[in-house]
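Following the UniProt record's numbering, the numbering of the sequence shown begins with 1 at its first residue and continues without gaps.
Cβ coordinates follow ideal geometry from the N, Cα and C atoms, glycine included.
Take a look at the structure below.
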Amino acid sequence: MAAQVNMDDCFEIVVSNVSYRWQDLARKLGFKRGEIKAMADNNVQFPGPNEKCWEMLGKWINKPNRGEDPVRDLKQALMNIEERLTAEALEGIEGATATEAGAKVFISHASEDKEEFVTPLVQELLKPGRLQQSDVFYDKHSLRTGDHLWNEIDAALRDPALKLFVFVISRHVLSKKQWPQYEYQLAHGKGVRIFPIWLKRDGDGDFRQKVSEYDTMREPDKLLAVPVHVNEVDEKLSGIADKIMEQL
Numbered sequence: 001m002a003a004q005v006n007m008d009d010c011f012e013i014v015v016s017n018v019s020y021r022w023q024d025l026a027r028k029l030g031f032k033r034g035e036i037k038a039m040a041d042n043n044v045q046f047p048g049p050n051e052k053c054w055e056m057l058g059k060w061i062n063k064p065n066r067g068e069d070p071v072r073d074l075k076q077a078l079m080n081i082e083e084r085l086t087a088e089a090l091e092g093i094e095g096a097t098a099t100e101a102g103a104k105v106f107i108s109h110a111s112e113d114k115e116e117f118v119t120p121l122v123q124e125l126l127k128p129g130r131l132q133q134s135d136v137f138y139d140k141h142s143l144r145t146g147d148h149l150w151n152e153i154d155a156a157l158r159d160p161a162l163k164l165f166v167f168v169i170s171r172h173v174l175s176k177k178q179w180p181q182y183e184y185q186l187a188h189g190k191g192v193r194i195f196p197i198w199l200k201r202d203g204d205g206d207f208r209q210k211v212s213e214y215d216t217m218r219e220p221d222k223l224l225a226v227p228v229h230v231n232e233v234d235e236k237l238s239g240i241a242d243k244i245m246e247q248l
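Here's what the structure looks like:
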């Protein structure tokens, strides 16, 4: 019964602050387009955004496939729609504790691949029931203005909480990009499990041949990468995220 009281308190905070964005929140909580439309069209029982937000949250908490930690998942969904203050407001609710451990997953990539693949992959990993933002070291989320770049990266790669180094290999990485080289070498030397992804584009050669030309990479023959073409990103993202979760 206490858990229900906690969730009611959480829902009241959410409705008070972000009911006008209930559809955005619903999408991040896993509702499909048809489900959201049905709630949006029901203006008799739920005439305004507050009522619709309450209805949506009530349906979500009763979903059979919902994650084991609803408070954590709700906070993550709020973070994903950039409602940080509301997510932080849930910290005061009993049972709504933040995770203090370091990142479990480090995403290494070239900046040129961020928009096409890396950011969508991180968003897929942060869906409810998977990882929290604090579980993933991704420069866009993990580094802030004023941080000493290399110190932060070095600390994340040396953190005992780190379980997986996701290495997004592309023509940009293989064209002597310095940061991914350093990150790979440090992760390899520390013995962190490597999960390579070969982000292909038209005109790219064979993966093994391309990697063999990357003279700073050690034991390239042992890198068995998950291939994905830039034109197949949308259809393959969920499967790749599932494979990453299996490694944790």
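Following the DSSP letters along the chain, one finds residue 166 in no alpha helix (DSSP H) but inside the beta strand (DSSP E) bounded by residues 164 to 169.
Leaving aside the five residues that flank residue 180 on each side, the residues in its chain whose CB is nearer than 7 Å to its CB run, in chain order, 108, 109, 110 and 173.
For the set 203, 187 and 204, the Cα lying nearest the Cα of residue 196 is the one of 187.
Burial state of residue 76 is buried, judged by a 10 Å Cβ sphere holding 16 or more other Cβ atoms.
Inclusion of residue 86 and residue 166 in the CB contact set at 7 Å is not warranted, their separation being larger than that value. According to DSSP, residue 33 shares a beta bridge with no other residue. Counting of Cβ neighbours within 10 angstroms places residue 20 among the exposed residues, the total staying below 16.
Comparing alpha carbon positions, the residue from 43, 226, 30 and 232 closest to residue 244 is 226.
For the 7 Å CB-CB criterion, residue 136 and residue 103 form a contact. With a contact defined as Cβ atoms closer than 8 Å, residue 22 and residue 49 qualify at about 6 Å. Cα atoms of residue 153 and residue 25: separation of roughly 31 Å, rounded to the nearest angstrom. Within the same chain, 29, 66, 67, 128 and 129 come within 8 Å of residue 73 by CB-CB distance, once the 5 residues on both sides are set aside. In the DSSP assignment, residue 188 falls within the unbroken alpha helix (DSSP H) covering 178 to 190. Taking C-beta separations shorter than 6 Å and ignoring five residues to either side along the sequence, the partners of residue 36 in its chain run 23 and 26, following chain order. Residue 228 places its beta carbon less than 7 Å from that of residue 236. Listed in chain order, the non-local C-beta contacts of residue 156 below 8 Å within the same chain comprise 102, 103, 106, 137, 142 and 162, local neighbours out to five positions each way being set aside. For the 7 Å CB-CB criterion, residue 241 and residue 124 form a contact. A distance of 7 Å or more separates the beta carbons of residue 168 and residue 234.
Secondary structure of residue 120 (DSSP, three-state): helix. C-alpha of residue 69 to C-alpha of residue 126: approximately 14 Å in a straight line.
Only residues of its own chain outside the window of five on either side were considered, and among them 110, 113 and 199 have a CB closer than 7 Å to the CB of residue 170, listed in chain order. In this chain, the beta strand (DSSP E) harbouring residue 228 covers 226 to 229. When only Cα atoms are considered, residue 63 and residue 56 end up about 11 Å apart. Excluding five sequence positions before and after residue 79, the CB atoms of its chain that fall closer than 6 Å to its own CB belong to 87 and 133, given in chain order. Each residue's CA atom was taken as its position, placing residue 164 and residue 201 some 25 Å apart. Take residue 81, set aside five residues on each side of it, and the residues of its chain with a beta-carbon closer than 8 Å to its own are 18, 21, 24, 25 and 28, in chain order.
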